[in-house]
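Working notes for the structure below.
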Amino acid sequence: MDDCIRNCTDCHRICLETVAHCLDKGGVHAESGHIRLMLDCIDICRTSADFMIRSARLHHLTCGACAEICAACADDCDRMSDDPMMKRCADMCRRCAESCRAMSRMAA
218 MDDCIRNCTD CHRICLETVA HCLDKGGVHA ESGHIRLMLD CIDICRTSAD FMIRSARLHH
278 LTCGACAEIC AACADDCDRM SDDPMMKRCA DMCRRCAESC RAMSRMAA
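Heads up, the sequence shown is in this note's numbering, so the first residue is 218 and it goes up one at a time.
This is the structure we're talking about:
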């Protein structure tokens, strides 16, 4: 669980940094759908980490949602993987998705 909490926390931070990067870059990076998905990822990662930290009985539900949203965010960031910041974000989202997917199966 500690690894999953760390991945969620790291993903939250990296996605937040990447949103600022995307808004600065403009163009395809700042498309509204992309920014909204990244903001969703930021929020669900923080929520999932919080659920696990406080040992919430239903943390497997937030982890399942987090896995799906992180995977979608990774795919979206991969569209711009020629940008090192976007590649970093996609890689972190995938790592978080994998650990959250494992947590959601373990607790269910």
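Idealized CB from N, CA, C, for every residue including glycine.
Quick caveat: nothing in here was measured; it's all calculated off a predicted structure.
inquiry  = On the CB-based measure, 16 or more other CB atoms within 10 Å of its CB, does methionine 323 come out buried or exposed?
reply    = Taking the sequence shown and counting its residues from 1, the one referred to as residue 323 is at position 106. Exposed.
message = Between which residues of its own chain and serine 316 is the CB-CB distance below 7 Å, once the five residues before and five after are set aside?
response = The count along the sequence shown starts at 1 and reaches residue 316 at position 99. Around serine 316: Asp220, Cys221 and Asn224.
message = Measuring only the C-alpha atoms, how far is cysteine 232 from methionine 309?
response = In the sequence shown, the residue the question calls residue 232 occupies position 15. In the sequence shown, the residue the question calls residue 309 occupies position 92. The alpha-carbon atoms of cysteine 232 and methionine 309 are separated by roughly 9 Å.
ask   = Within the chosen definition, does the segment 296–310 reach the segment 270–280 through at least 3 CB pairs nearer than 8 Å?
value = no
request  = Output the distance between the C-alpha atoms of aspartate 267 and histidine 276, rounded to the nearest integer angstrom.
outcome  = Here the question's residue 267 lines up with position 50 in the sequence shown. Here the question's residue 276 lines up with position 59 in the sequence shown. Roughly 9 Å between the two C-alpha positions.
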